[in-house]
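The structure appears below as C-alpha cells.
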C-alpha cells in the first residue's frame, strides 16, 4: 500500500518550507554526522539519519502535520528542518527547528518557527504550542524567546533528558501584541 501525503508548501520572505524527501538526505547525513546534531540525538550514523527522515515523513502520515524541509529561496539550498512535532509520549504540539551548518545567525530558525506556529494556529486550529530545548541549547532558547515564548518549566524526556518547556503566546495573544 502506498500512502500519498499532501504536505503543504509555506513561503516566507526568505524561505520555502516544503515536504521532506530523499533529496534532503545528503544535507541530513552531514548534519547528523556533526556535533551540531547533539541536541537532537546525534551525532549518529547514516542509517539513523535515514530513519530520522522516515520518521519526519511518517509524522505527517500519522498526525496530518509535521516538520518541513527549510530551503533558502535565494540559493535553493536546504538550511534545516522546522515545523510541528508531537510524537506519542511528547509534551504536546511542539514548534521545533534544526539549522544545518553555515546557516545559523541569519534569523532562519525564527522565521521558520513563526511560519510553523502560524500554520499550527490558523490552519490546524491548535490553541497552544510549546518549544522544547535541551538545557544547554542556548541558541534554541534564544530563538524561542524571539518568538515570544516564555519559559514555563521543565520536562523529563526518556531519551533527551531534562528539557526546558517554552510556552508560545496564543493566537489571540499574538494578535493583541501586533495591534
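In UniProt numbering, the protein residues as written are 1 to 179. Ideal Cβ placement from N, Cα and C applies to all residues, glycine included.
{"Asked": "Beta-bridge pairing of residue 81 - partner residues as DSSP gives them", "Found": "69, 98"}
{"Asked": "Cut-off 6 Å between Cβ atoms - residues of its own chain near residue 14, not counting five sequence neighbours on either side", "Found": "73"}
{"Asked": "Cβ-based burial, residue 150 [other Cβ within 10 Å; buried from 16]", "Found": "exposed"}
{"Asked": "Other residues of its chain near residue 127: CB distance less than 7 Å, five sequence neighbours each side excluded", "Found": "170"}
{"Asked": "Cα-Cα separation between residue 1 and residue 82, rounded to whole angstroms", "Found": "Here residue 1 scores only 48 on pLDDT, less than 50, and its place in the model should not be relied on; the value that follows carries that caveat. Approximately 28 Å between the Cα atoms of the pair."}
{"Asked": "Limits of the unbroken alpha helix (DSSP H) element including residue 52", "Found": "46-63"}
{"Asked": "At least three beta-carbon pairs within less than 8 Å, the region 111-124 to the region 48-61", "Found": "no"}
{"Asked": "When 164, 129, 152, 157 are compared against residue 136, the one with the closest alpha-carbon", "Found": "164"}
{"Asked": "CA-to-CA distance, residue 59 to residue 166, given in whole angstroms", "Found": "22 Å"}
{"Asked": "Closest residue to residue 17 among 48, 103, 6, 70 (Cα-Cα distance)", "Found": "70"}
{"Asked": "Closest by C-alpha distance to residue 142, when choosing among 88, 96, 28", "Found": "96"}
{"Asked": "Beta-carbon contacts of residue 9 that lie in its chain and below 6 Å, excluding the five residues immediately before and after", "Found": "18"}
{"Asked": "Residues that DSSP places opposite residue 162 in a beta bridge", "Found": "156"}
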